[in-house]
Structure formats: C-alpha cells, structure tokens
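What follows is a single structure, written as structure tokens, with notes after it.
There are 2 protein chains.
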Amino acid sequence: MVGIGPGGKEELTPLALSYLQQCTVIIGYKTYIDLVKSLIGEKKLVAYGMKEEQARALEAINLALSGERVVVISGGDAGVYGMSGVVLEALKEKNISPRKVNLTIIPGITSALKAASLLGSPLNHDFCLISLSDLLTPWEVIEKRLRHAALGDFAIALYNPQSHRRKKLRRAIEILLEYKNPATPVGIVREAGRLGEEIKLKTLAEITEEDADMRTVIIIGNSQSYFYENFIITPRGYKW
Amino acid sequence: MVGIGPGGKEELTPLALSYLQQCTVIIGYKTYIDLVKSLIGEKKLVAYGMKEEQARALEAINLALSGERVVVISGGDAGVYGMSGVVLEALKEKNISPRKVNLTIIPGITSALKAASLLGSPLNHDFCLISLSDLLTPWEVIEKRLRHAALGDFAIALYNPQSHRRKKLRRAIEILLEYKNPATPVGIVREAGRLGEEIKLKTLAEITEEDADMRTVIIIGNSQSYFYENFIITPRGYKW
Numbered sequence: 001m002v003g004i005g006p007g008g009k010e011e012l013t014p015l016a017l018s019y020l021q022q023c024t025v026i027i028g029y030k031t032y033i034d035l036v037k038s039l040i041g042e043k044k045l046v047a048y049g050m051k052e053e054q055a056r057a058l059e060a061i062n063l064a065l066s067g068e069r070v071v072v073i074s075g076g077d078a079g080v081y082g083m084s085g086v087v088l089e090a091l092k093e094k095n096i097s098p099r100k101v102n103l104t105i106i107p108g109i110t111s112a113l114k115a116a117s118l119l120g121s122p123l124n125h126d127f128c129l130i131s132l133s134d135l136l137t138p139w140e141v142i143e144k145r146l147r148h149a150a151l152g153d154f155a156i157a158l159y160n161p162q163s164h165r166r167k168k169l170r171r172a173i174e175i176l177l178e179y180k181n182p183a184t185p186v187g188i189v190r191e192a193g194r195l196g197e198e199i200k201l202k203t204l205a206e207i208t209e210e211d212a213d214m215r216t217v218i219i220i221g222n223s224q225s226y227f228y229e230n231f232i233i234t235p236r237g238y239k240w
Numbered sequence: 001m002v003g004i005g006p007g008g009k010e011e012l013t014p015l016a017l018s019y020l021q022q023c024t025v026i027i028g029y030k031t032y033i034d035l036v037k038s039l040i041g042e043k044k045l046v047a048y049g050m051k052e053e054q055a056r057a058l059e060a061i062n063l064a065l066s067g068e069r070v071v072v073i074s075g076g077d078a079g080v081y082g083m084s085g086v087v088l089e090a091l092k093e094k095n096i097s098p099r100k101v102n103l104t105i106i107p108g109i110t111s112a113l114k115a116a117s118l119l120g121s122p123l124n125h126d127f128c129l130i131s132l133s134d135l136l137t138p139w140e141v142i143e144k145r146l147r148h149a150a151l152g153d154f155a156i157a158l159y160n161p162q163s164h165r166r167k168k169l170r171r172a173i174e175i176l177l178e179y180k181n182p183a184t185p186v187g188i189v190r191e192a193g194r195l196g197e198e199i200k201l202k203t204l205a206e207i208t209e210e211d212a213d214m215r216t217v218i219i220i221g222n223s224q225s226y227f228y229e230n231f232i233i234t235p236r237g238y239k240w
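So the sequences go chain by chain: A and B. Residues in the first sequence are numbered consecutively from 1, following full-length UniProt numbering. Residues in the second sequence are numbered consecutively from 1, following full-length UniProt numbering.
Shown next, in the form of structure tokens:
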C-alpha cells in the first residue's frame with residue numbers, strides 16, 4: 001500500500017516511487033492512477049470508482065497470492081482514511097497472514113499537512129483529524145468527536161467535509177460554534193497541492209456550504225490561533 | 001521551512017530536496033542536518049541544540065533579509081510541532097511581512113504517519129496528535145486534551161512522550177485508562193524510519209515509563225481497534 005501524497009510527482013517520496021516502478025500491477029481510484037501514470041512505465045492498471053474499496057482490496061490480495069507484485073495506491077497517506085486499513089481488514093476476514101502477501105505500507109503526505117503548509121502553521125500544536133463522511137461512521141459518533149475536539153481546544157482538520165449527497169458541513173460548524181469563538185481562524189483549501197489549488201481564509205462563523213466539496217480540507221484553529229497577513233498561526237507558547 | 005520527513009533520503013520529497021539544494025544556508029538541529037548532509041553539497045550550515053528555536057528563527061529571518069536563501073529544517077513535517085510556527089511568530093513579533101522574506105513551507109511525513117505505517121492501520125479513522133511536552137504548554141491543557149481525546153474515542157498519537165527530565169507518560173496513561181479499555185492496542189515506535197528503528201506492541205495497561213523517550217511515538221487505538229498478527233487495525237466500518 002502506497003501513499004502518493006498530494007498528487008504532484010514533487011511530493012511523492014522516492015520510496016513510494018520505487019514501489020510504483022517495481023510492481024507489476026497498480027490498483028487504485030482512477031484519479032490517483034492518472035496522477036502517477038507518467039512516472040510508472042508499462043504496468044497492468046486496475047482503475048476503479050468510489051465505494052468499491054472492499055472488492056478491490058480482495059482483488060489486490062488475490063493478485064498478490066497469484067504472484068503479482070501489487071501496489072494499492074491511496075491519495076495522501078495510505079493509512080489516513082486510505083486503503084491500508086481495508087486491505088488489512090480483508091486479510092483478517094479471509095484469515096490470510098499479512099506475511100503471506102509480504103504486506104508493506106508506505107506513507108505519504110496527507111492533505112491536512114499539505115493544506116496546513118499553504119496556510120502557515122495552523123496545526124503547529126495538538127490537533128485532530130475528523131472526517132465528516134457518515135457513509136461508514138454513524139453521524140452520532142462524528143458529532144461526539146466534533147464536540148470533544150472543540151472542548152479539548154484542539155486545532156481541527158476536517159476531511160470529506162461535504163459531497164453532492166452528504167450535506168453535513170453546516171451542522172458540523174453549528175456544533176463547533178457551541179464551544180469555539182466565532183472569530184476562530186479557518187483555512188479552506190481545495191485541491192491542496194494539485195492543479196486548481198484554491199485557498200480561502202475565513203472565520204468559523206463565516207463558513208458556508210458553498211465553501212466545500214469532497215476535494216476540500218478545512219482547517220480550524222484552536223483558541224490561540226490568529227491571522228497574520230494571509231497566514232494562520234497557532235502559537236506554541238513562546239514568550240517574546 | 002522544510003520538513004525532511006522521518007530522516008532517510010528515501011522519504012524526503014523531491015520538493016523538499018530541491019529547496020535544500022538551492023538554498024545558501026541551512027539552519028536546524030544538528031541531528032536533522034546530519035541526516036541530510038550527504039545530499040546537499042557545500043552550504044553554510046548553522047547547527048544548534050534544543051530550546052533555541054526563537055533565537056534561530058530570528059537568525060533565519062535576519063539572514064533572509066540580508067539576501068541569503070535560507071532553509072530552516074524540521075524533522076518530519078515543518079508544521080507539526082516544527083519550525084514553521086516559530087518563524088511565523090518571529091515575523092509577526094518583528095512586524096515583518098512573510099512576503100518580504102518570501103516565506104514558503106514544504107511539508108514532510110510526520111512521525112505519527114511513519115510510525116502508523118509500520119504498525120498497520122492504527123490511524124485509519126479520526127485521530128488526535130498530542131504532545132506530552134509541558135515546556136511550552138501548561139500540563140493542565142495537556143490533561144484536558146488527553147481526556148477529550150479519550151472521551152471522543154479518537155485514536156491518539158503521543159509525541160514527545162517523555163524525556164530525561166519530564167516524566168509525564170505514566171500520568172498520561174492513567175488519565176487515558178479512566179476512559180479507555182485497558183486492552184486497547186498500542187504501538188510504540190522508536191526512531192521511526194531511522195537507524196535503530198524499534199517497534200513494540202502492547203496494550204494500554206501494559207505501557208511503562210521504560211517504553212518511551214524523546215524519540216518515541218506512541219500510537220493508541222480507538223475502541224474498535226484490534227491486533228491482527230503484528231499489526232494494529234482501526235477499522236473503517238465496512239461490513240464483511
């Protein structure tokens with residue numbers, strides 16, 4: 001399982017690249033395969049759409065058992081809402097040892113860290129990552145995590161804030177506003193590190209549904225965060 | 001500001017490398033400079049010890065204002081308990097525009113993600129990063145965050161769990177055990193991605209002070225996490 005980072009070849013690690021180049025089959029969402037296609041030469045490619053993670057994890061395992069050197073790619077990090085978990089779940093389900101398929105996981109730069117780098121230093125203190133997708137996680141669990149992230153005064157990175165069908169962002173912001181200052185700095189980054197990258201700075205109270213889709217990461221400061229020009233700073237606690 | 005990742009050149013992104021090669025001065029902890037020394041050719045190097053972040057941020061700014069192309073390196077990601085925050089704080093303190101020094105932040109793979117990749121998929125659902133260092137953060141704030149991370153049922157990555165002088169790990173685990181199952185899977189990774197890498201699997205109740213120093217990251221599962229052979233799986237919620 002290989003995390004390809006934000007998408008550009010400049011942010012793919014040499015270790016990840018070596019796996020992409022030495023494998024015989026690459027499995028992954030079409031979007032991610034397209035991002036690395038120019039780097040990998042002739043390979044068997046298995047592209048697929050959303051919501052087919054389990055079938056593809058099982059296919060990856062079968063191909064590996066048949067002797068192929070299989071790379072399953074994830075955007076960002078392989079282990080942050082990525083494919084490494086579902087492949088491990090599938091191995092356990094089928095009672096196959098990870099050793100038998102020589103399982104290796106190669107990390108990549110996850111979108112919260114890429115987005116944060118474009119925003120200054122919003123995550124430079126304790127922070128939480130929360131996905132607002134309730135496809136696999138009950139919404140009550142997500143609400144509970146939002147509340148505790150706010151009560152703990154964590155900076156927060158929201159993944160999958162919204163899709164065409166899921167419209168939960170407004171509700172999530174309402175919950176955060178029960179505990180957090182409406183003036184809390186927020187960075188909204190779409191296509192972080194990819195073509196069409198867009199950055200917006202707002203306060204927590206100003207976020208609207210129009211700000212986000214599936215390719216957006218929203219980073220929300222803690223109680224100490226502030227704007228400085230077009231950056232967000234979450235201070236460490238230094239005395240100046 | 002450049003994040004060099006876990007330490008090996010195989011996990012330094014090409015973008016980070018290009019900044020290291022094109023700058024005229026590199027500033028950073030000696031440990032990190034040593035890790036990249038072989039890659040950078042002849043440069044002015046400013047190595048320094050711990051607890052001098054502010055002085056070095058100011059020196060970086062002065063060198064940049066005098067026309068040098070300065071890279072400040074951080075291990076892992078530049079924005080996760082890294083140098084990007086203190087440099088931005090210093091710019092604000094001195095009322096200097098980030099534009100004036102052409103400030104750019106290049107992310108890297110932070111140690112939680114490297115450690116997680118070695119452990120399987122412990123962070124494959126919502127998670128928190130918490131540093132146990134109370135040098136700059138009041139211990140009460142850290143305790144509050146530990147409690148809310150546990151109450152929110154986040155997986156948790158603990159940074160700076162312990163040093164020779166700070167012995168807070170036992171107390172932190174006590175707090176987590178008030179809310180979390182003692183059998184919760186834990187991965188303890190020392191020198192993740194570097195020479196001397198060590199991996200231990202334990203339960204939350206089994207962690208002792210001997211398990212950690214400043215170079216250790218401790219990853220603690222959520223209520224759904226389980227061991228499978230020598231891996232930790234935090235499931236996404238798929239039905240099999």
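Backbone N, C-alpha and C fix where the C-beta goes; we use that ideal spot for every residue, glycine too. Since the model is a prediction, treat every value here as computed from it, not as a measurement.
Checklist entry - Taking DSSP as the reference, what is the three-state secondary structure of Y29 (chain B)? => result strand
Item to check | Given P161 (chain A) as reference, the closest of A:E52, A:K9, A:G67, A:I220 once Cα atoms are compared | outcome: A:I220
Item to check | Under 9 Å (Cβ pairs) to chain D, residues found in the segment 125–142 of chain A | outcome: This model lacks chain D altogether; the protein chains it does include are A and B.
Item to check | V189 (chain B) versus P6 (chain B) - alpha carbon distance | outcome: 12 Å
Checklist entry - Mind checking if A149 (chain B) is an interface residue toward chain A, Cβ cutoff 8 Å exclusive? => result yes
Next on the checklist: Closer than 8 Å is the cut-off here; do at least three beta carbon pairs connect the segment 167–182 of chain B with the segment 198–206 of chain B?
Outcome noted: yes
Checklist entry - Contact check, D211 (chain B) vs R166 (chain B) under 8 Å by CB: the rounded distance? => result With a Cβ gap of about 15 Å, D211 (chain B) and R166 (chain B) do not count as contacting.
Checklist entry - To which residues of the same chain is F154 (chain B) closer than 7 Å at the C-beta, ignoring the five residues directly before and after it? => result D126, F127, C128, N222
Item to check | C-alpha distance - E209 (chain B) paired with I73 (chain A), whole-angstrom precision | outcome: 37 Å
Next on the checklist: Less than 8 Å between CB atoms is the rule here; does V80 (chain B) satisfy it with respect to chain A?
Outcome noted: yes
Checklist entry - At a cut of 8 Å, does the segment 114–121 of chain A reach the segment 227–236 of chain A through at least three beta carbon pairs? => result yes
Checklist entry - From which residue to which residue does the alpha helix (DSSP H) around S225 (chain B) run? => result Taken as a continuous stretch (DSSP letters only), S225 (chain B) belongs to no alpha helix (DSSP H), as it is neither H nor E.
Item to check | DSSP state of S18 (chain A) mapped onto helix, strand, coil | outcome: helix
Next on the checklist: Which same chain residues end up closer than 6 Å to S131 (chain A) when comparing Cβ atoms and leaving out the 5 residues on each side of it in sequence?
Outcome noted: Y81, Y159, N160
Next on the checklist: Just to confirm the assignment, what range does the beta strand (DSSP E) spanning L45 (chain A) have?
Outcome noted: 44–48
Next on the checklist: Under 8 Å, Cβ to Cβ, is there at least one residue of chain B near E197 (chain A)?
Outcome noted: no
Item to check | Cβ contact check for the segment 3–22 of chain A and the segment 97–110 of chain A: 3 or more pairs under 8 Å | outcome: yes
Item to check | Beta-bridge partners of P98 (chain A), as assigned by DSSP | outcome: In the DSSP output, where bridge partners are listed per residue, P98 (chain A) has none listed.
Item to check | Exposure label - K92 (chain A); buried when at least 16 CB within 10 Å | outcome: buried
Checklist entry - Could you check where the beta strand (DSSP E) with R190 (chain A) kicks off and where it finishes? => result 185–190
Checklist entry - Is any heavy atom of the ligand ATP found at a distance shorter than 7 Å from the C-beta of A212 (chain B)? => result In the structure on display, the ligand ATP does not appear, and there are no ligands present to speak of.
Checklist entry - For G75 (chain B), which three-state DSSP category applies? => result coil
Next on the checklist: Let's test the definition: count the other Cβ atoms within 10 Å of the Cβ of residue 241 (chain B) and tell me whether it reaches 16, buried, or not, exposed.
Outcome noted: Only positions 1 to 240 of chain B appear in the structure, and residue 241 (chain B) is not among them; the question remains open.
Checklist entry - In three-state terms, what does DSSP make of V87 (chain B)? => result helix
Checklist entry - Where do the N-terminal and C-terminal ends of the beta strand (DSSP E) with V80 (chain B) fall, by residue? => result Unbroken run through V80 (chain B): none, as it is neither H nor E.
Checklist entry - What are the residues of the segment 57–74 of chain B that lie near chain A, defined by any Cβ-Cβ distance shorter than 7 Å? => result none
Checklist entry - Can you give the Cα-Cα distance for L63 (chain A) and Y238 (chain B), rounded to whole angstroms? => result 21 Å
Next on the checklist: Using the Cβ count rule (16 or more neighbours within 10 Å means buried), how would you classify S97 (chain A)?
Outcome noted: exposed
Checklist entry - For the putative contact between L146 (chain B) and L176 (chain B), defined by C-beta atoms under 8 Å, what is the C-beta separation to the nearest angstrom? => result 6 Å
Next on the checklist: Can you find the residues in the same chain that come closer than 8 Å, C-beta to C-beta, to K44 (chain A), ignoring five residues on each side of it along the sequence?
Outcome noted: T24, V25, I26, E68
Item to check | Complete runs of the beta strand (DSSP E) confined to the segment 130–172 of chain B [at least 3 residues] | outcome: 155–159
Checklist entry - In three-state terms, what does DSSP make of S121 (chain B)? => result strand
Next on the checklist: Between V217 (chain A) and chain B, is any beta-carbon pair separated by less than 8 Å?
Outcome noted: no
Checklist entry - Span of the beta strand (DSSP E) holding E198 (chain B)? => result 198–203
Checklist entry - Could one say the Cβ of P14 (chain B) lies closer than 8 Å to chain A's Cβ atoms, at least one of them? => result yes
Item to check | Buried or exposed by the 16-neighbour rule on C-beta atoms within 10 Å, applied to R99 (chain B) | outcome: exposed
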